[in-house]
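Heads up: the sequence lines are chains Y and F, in that order.
Here this note's numbering is used: the first residue of the first sequence is 1, the next is one more, and so on.
Here this note's numbering is used: the first residue of the second sequence is 1, the next is one more, and so on.
Ideal Cβ positions, reconstructed from N, Cα and C, are used throughout, including at glycine.
Computed from a prediction, not measured in an experiment: that's the story for all the values here.
2 protein chains.
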Amino acid sequence: MSTIKEIAKKANVSIGTVDRVLHGRGRVAPETAEKIQKIIREMGYKPNLFARNLKLSRLFHFGILMPQEKQDGGYWAQSADGMRKALDELKSNQVRGHFYYYDKYSHNSFDHMIRAITNARLDGLIIAPILANPINELLQNLSNECPYLFFDSDLPETSPLSVINQDAHQSGRLAAELMIKLVPSSGSFLVIKVIPDDYHINARVKGFVDFLTQIDCHNVHVLDANIGDDPHCILPMVDQFMNHYPGLHGIFMTNALTYQVAEVIHQLSIHPKPSLIGYDLIDANAYWLERGIIDFIISQRPEMQGYQGIYTLFRHLVTKEPVEKRIVLPLDIITRENMLYHRQYVKIKINQ
Amino acid sequence: MSTIKEIAKKANVSIGTVDRVLHGRGRVAPETAEKIQKIIREMGYKPNLFARNLKLSRLFHFGILMPQEKQDGGYWAQSADGMRKALDELKSNQVRGHFYYYDKYSHNSFDHMIRAITNARLDGLIIAPILANPINELLQNLSNECPYLFFDSDLPETSPLSVINQDAHQSGRLAAELMIKLVPSSGSFLVIKVIPDDYHINARVKGFVDFLTQIDCHNVHVLDANIGDDPHCILPMVDQFMNHYPGLHGIFMTNALTYQVAEVIHQLSIHPKPSLIGYDLIDANAYWLERGIIDFIISQRPEMQGYQGIYTLFRHLVTKEPVEKRIVLPLDIITRENMLYHRQYVKIKINQ
DNA sequence: TGTTATTGCGTTAACGTTAACGCTTAATTT
DNA sequence: AAATTAAGCGTTAACGTTAACGCAATAACA
Numbered sequence: 001m002s003t004i005k006e007i008a009k010k011a012n013v014s015i016g017t018v019d020r021v022l023h024g025r026g027r028v029a030p031e032t033a034e035k036i037q038k039i040i041r042e043m044g045y046k047p048n049l050f051a052r053n054l055k056l057s058r059l060f061h062f063g064i065l066m067p068q069e070k071q072d073g074g075y076w077a078q079s080a081d082g083m084r085k086a087l088d089e090l091k092s093n094q095v096r097g098h099f100y101y102y103d104k105y106s107h108n109s110f111d112h113m114i115r116a117i118t119n120a121r122l123d124g125l126i127i128a129p130i131l132a133n134p135i136n137e138l139l140q141n142l143s144n145e146c147p148y149l150f151f152d153s154d155l156p157e158t159s160p161l162s163v164i165n166q167d168a169h170q171s172g173r174l175a176a177e178l179m180i181k182l183v184p185s186s187g188s189f190l191v192i193k194v195i196p197d198d199y200h201i202n203a204r205v206k207g208f209v210d211f212l213t214q215i216d217c218h219n220v221h222v223l224d225a226n227i228g229d230d231p232h233c234i235l236p237m238v239d240q241f242m243n244h245y246p247g248l249h250g251i252f253m254t255n256a257l258t259y260q261v262a263e264v265i266h267q268l269s270i271h272p273k274p275s276l277i278g279y280d281l282i283d284a285n286a287y288w289l290e291r292g293i294i295d296f297i298i299s300q301r302p303e304m305q306g307y308q309g310i311y312t313l314f315r316h317l318v319t320k321e322p323v324e325k326r327i328v329l330p331l332d333i334i335t336r337e338n339m340l341y342h343r344q345y346v347k348i349k350i351n352q
Numbered sequence: 001m002s003t004i005k006e007i008a009k010k011a012n013v014s015i016g017t018v019d020r021v022l023h024g025r026g027r028v029a030p031e032t033a034e035k036i037q038k039i040i041r042e043m044g045y046k047p048n049l050f051a052r053n054l055k056l057s058r059l060f061h062f063g064i065l066m067p068q069e070k071q072d073g074g075y076w077a078q079s080a081d082g083m084r085k086a087l088d089e090l091k092s093n094q095v096r097g098h099f100y101y102y103d104k105y106s107h108n109s110f111d112h113m114i115r116a117i118t119n120a121r122l123d124g125l126i127i128a129p130i131l132a133n134p135i136n137e138l139l140q141n142l143s144n145e146c147p148y149l150f151f152d153s154d155l156p157e158t159s160p161l162s163v164i165n166q167d168a169h170q171s172g173r174l175a176a177e178l179m180i181k182l183v184p185s186s187g188s189f190l191v192i193k194v195i196p197d198d199y200h201i202n203a204r205v206k207g208f209v210d211f212l213t214q215i216d217c218h219n220v221h222v223l224d225a226n227i228g229d230d231p232h233c234i235l236p237m238v239d240q241f242m243n244h245y246p247g248l249h250g251i252f253m254t255n256a257l258t259y260q261v262a263e264v265i266h267q268l269s270i271h272p273k274p275s276l277i278g279y280d281l282i283d284a285n286a287y288w289l290e291r292g293i294i295d296f297i298i299s300q301r302p303e304m305q306g307y308q309g310i311y312t313l314f315r316h317l318v319t320k321e322p323v324e325k326r327i328v329l330p331l332d333i334i335t336r337e338n339m340l341y342h343r344q345y346v347k348i349k350i351n352q
């Protein structure tokens with residue numbers, strides 16, 4: 001491993017001169033500079049990042065822009081937990097995290113946020129790009145010096161450092177495959193598409209329908225559930241739908257609000273109970289999984305997304321390693337019998 | 001950010017004393033040590049890894065004792081991949097790995113291995129304790145200075161630093177739950193128990209049977225498949241069994257050789273195809289999952305076990321953090337539609 | 001009573017990089 | 001000719017951690 005000292009010795013100069021050449025800080029005779037450059041190339045010198053960061057003792061500030069943790073039934077708290085775990089591990093590496101929360105059901109109050117983030121002079125930004133427009137606006141205002149990466153979702157026509165999420169279309173296919181394992185393909189199915197929708201939700205619906213179409217199963221209804229900013233209004237909608245189509249075999253809920261569908265099924269005591277598949281292992285969903293109303297939950301490994309997000313930014317900014325442009329996390333299938341260790345893993349391994 | 005200097009000032013001692021407390025190197029008065037410990041806790045001190053790594057010149061040698069990578073259809077290569085990934089990440093942290101492979105079907109040749117490991121003066125050891133006796137013998141010979149941890153399995157009456165594996169009994173329950181989602185509980189089931197068995201296999205069988213008993217399903221046959229050191233002899237056994245019990249609804253294979261059962265089902269063209277659930281996402285199992293002969297594969301996250309194994313030893317030996325005595329990994333359910341990203345994740349995120 | 005260990009601490013020199021500072025020359029200005 | 005400036009370089013003190021070393025003071029021996 002070559003050091004600045006060795007280079008200096010080989011070039012018969014002091015380390016100060018080598019340093020000036022390395023950083024282009026001038027005050028070096030052209031011939032000397034060239035000689036040193038040559039030796040640096042020959043020795044394949046790479047600065048020791050430990051020494052550099054130790055000396056600079058500079059703090060790296062990571063901004064995290066995401067929905068309020070309690071939204072989607074606490075789903076976002078799981079991502080945040082993964083980030084907190086990573087930030088804690090990296091505390092000794094001069095990394096600080098700053099959470100900026102937004103209300104995913106409200107486009108207002110973003111101006112204030114944008115100004116706060118722009119003024120914060122952050123070194124990097126981790127974004128859950130749920131609200132496309134305001135986030136696009138933020139990216140315009142952002143300094144070019146500030147790399148950003150997306151998790152959970154994606155945003156077209158931007159150039160993030162990296163994108164960490166799942167294949168939403170494939171997760172729809174997976175839901176359909178599981179559904180067909182539970183119910184013969186001759187059954188009838190309901191897909192609840194939550195409005196306001198996004199790329200994510202649409203891809204899930206499409207994946208589900210595509211899979212069923214492929215195996216010649218066409219008995220699928222897609223219900224547009226416009227919940228606006230009130231997640232609790234799903235209940236009467238599903239209730240109403242169930243009265244219209246009583247012979248339903250399976251329901252696919254396309255977001256974390258699956259527990260609300262489970263409540264409807266439970267309250268109406270529908271028999272035989274339709275199979276229910278949904279997303280995200282939040283507490284309310286675990287409750288109905290435990291009681292057998294929800295059959296499968298597809299998990300997006302939110303805590304891992306958060307964890308990887310922090311580490312990806314760390315590798316890019318601090319250790320200057322090349323990072324992957326896209327990290328696609330596996331689709332986890334959760335049932336009553338394996339949720340214990342998924343939840344335990346989240347709590348124990350990630351939170352603390 | 002707290003440093004040992006600040007701690008020293010607060011405790012009215014020198015940094016040397018703080019250092020001795022931090023590393024448990026003795027030569028500190030008990031009261032002084034306690035006072036310093038308290039301050040360390042209060043300030044939430046975390047060592048600066050830049051400084052530590054800059055200073056450290058010592059290499060840590062980790063030994064890895066496990067079955068040959070090709071065994072169990074390449075299952076062990078997945079653990080090894082996870083370890084290689086971690087070792088690569090820690091290369092700049094003075095960590096080197098040394099693989100010691102054994103033949104899990106042969107108790108010989110272990111003497112040579114034991115001597116090699118004992119002579120190697122390793123700083124830590126990661127062990128897959130498949131062969132209880134020779135490994136117990138190794139642990140006798142091992143220096144007390146050398147901590148070891150187990151992955152994949154466990155060994156009673158030993159005191160490993162940590163154990164990283166799954167809940168085998170629960171994974172049997174999970175298999176049964178999935179089976180019942182595929183087949184009505186009135187069906188008849190076959191459990192193939194591979195001999196030579198171990199704690200792991202037995203717990204899986206027990207979990208499966210326990211779950212079914214709990215829901216009053218008693219139509220379960222447990223077939224002892226004595227494969228000795230020839231994994232290929234499963235085929236005729238299952239063939240013979242199937243002829244005796246033609247009306248089988250589901251088969252639970254208790255190890256990675258699930259693909260061999262799939263081959264039997266495929267060759268005999270049994271109709272209707274019995275549901276098949278087994279373990280480990282090795283290439284051969286992925287092949288039959290893709291073709292719909294295997295319905296579910298339960299994965300043990302072998303690459304994660306390996307990855308965590310290396311990091312656990314690292315935290316204990318290098319950063320001197322306290323480590324968890326037991327890491328229980330989630331039970332992953334793999335189907336045709338989600339195996340792509342599980343495999344990709346292994347290949348992309350862990351291998352490189 | 002003197003000699004040797006042991007305990008409990010403080011001191012210090014690295015590790016590689018950075019950047020402020022200062023010292024020579026030589027060039028340019030008064 | 002003296003004074004000022006600048007170019008070109010070397011020196012040095014950090015950054016936080018580690019671990020060897022050393023020095024008292026006490027304890028355990030002969």
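Counting contacts by CB-CB distance shorter than 7 Å, is residue i in contact with chain Y?
{"i": "residue 7/F", "result": "no"}
{"i": "residue 50/F", "result": "yes"}
{"i": "residue 181/F", "result": "yes"}
{"i": "residue 330/F", "result": "yes"}
{"i": "residue 315/F", "result": "no"}
{"i": "residue 158/F", "result": "no"}
{"i": "residue 53/F", "result": "yes"}
Between residue i and residue j, what straight-line distance do the alpha-carbon atoms span, to the nearest angstrom?
{"i": "residue 99/Y", "j": "residue 338/F", "result": "32 Å"}
{"i": "residue 133/F", "j": "residue 77/F", "result": "23 Å"}
{"i": "residue 350/F", "j": "residue 300/F", "result": "Confidence at residue 350/F is low in this model, with a pLDDT of 47, below 50, so the placement of that residue is unreliable and no value is reported for it."}
{"i": "residue 43/Y", "j": "residue 32/Y", "result": "17 Å"}
{"i": "residue 348/Y", "j": "residue 329/F", "result": "Unreliable placement is indicated for residue 348/Y, whose pLDDT of 48 sits below 50; no coordinate value is reported for it."}
{"i": "residue 189/F", "j": "residue 305/Y", "result": "39 Å"}
{"i": "residue 341/F", "j": "residue 327/Y", "result": "10 Å"}
{"i": "residue 320/Y", "j": "residue 235/F", "result": "52 Å"}
{"i": "residue 331/F", "j": "residue 56/Y", "result": "44 Å"}
{"i": "residue 118/F", "j": "residue 101/F", "result": "15 Å"}
{"i": "residue 308/Y", "j": "residue 309/F", "result": "19 Å"}
What residue range does the beta strand (DSSP E) around residue i cover?
{"i": "residue 332/F", "result": "332-334"}
{"i": "residue 420/Y", "result": "Residue 420/Y lies beyond the stretch modelled for chain Y, which goes from 1 to 352, so this question has no answer here."}
{"i": "residue 356/F", "result": "This structure does not reach residue 356/F, given that chain F is present from 1 up to 352, and the question cannot be answered."}
{"i": "residue 152/F", "result": "Premise fails: residue 152/F is in no beta strand (DSSP E) and is neither H nor E."}
{"i": "residue 220/Y", "result": "220-226"}
{"i": "residue 276/Y", "result": "275-279"}
How would you write the range of the alpha helix (DSSP H) that residue i sits in, first residue to last?
{"i": "residue 136/F", "result": "132-141"}
{"i": "residue 236/F", "result": "234-244"}
{"i": "residue 112/F", "result": "110-119"}
{"i": "residue 198/F", "result": "From DSSP, residue 198/F is part of no alpha helix (DSSP H); its letter is neither H nor E."}
{"i": "residue 266/F", "result": "258-268"}
{"i": "residue 172/Y", "result": "168-182"}
If we cut at 7 Å on Cβ distances, does residue i have a partner in chain F?
{"i": "residue 265/Y", "result": "no"}
{"i": "residue 350/Y", "result": "Reliability fails at residue 350/Y, whose pLDDT of 46 lies under 50, so the model's placement of it is uncertain and no value is given."}
{"i": "residue 270/Y", "result": "no"}
{"i": "residue 45/Y", "result": "no"}
{"i": "residue 235/Y", "result": "no"}
Per DSSP, which residues does residue i bridge with? Please list them.
{"i": "residue 299/F", "result": "332/F"}
{"i": "residue 67/F", "result": "102/F"}
{"i": "residue 125/F", "result": "63/F, 148/F"}
{"i": "residue 252/F", "result": "191/F, 277/F"}
{"i": "residue 163/Y", "result": "150/Y, 326/Y"}
If I'm right that residue i touches residue j with Cβ under 8 Å, what's the distance once you round it to whole angstroms?
{"i": "residue 249/F", "j": "residue 187/F", "result": "3 Å"}
{"i": "residue 163/Y", "j": "residue 149/Y", "result": "7 Å"}
{"i": "residue 316/Y", "j": "residue 161/Y", "result": "6 Å"}
{"i": "residue 120/F", "j": "residue 63/F", "result": "6 Å"}
Shorter than 6 Å, the distance from the beta carbon of residue i to the closest heavy atom of the ligand MN, or not?
{"i": "residue 29/F", "result": "Summarising the ligand content, the structure contains no ligands, and the ligand MN is consequently not present."}
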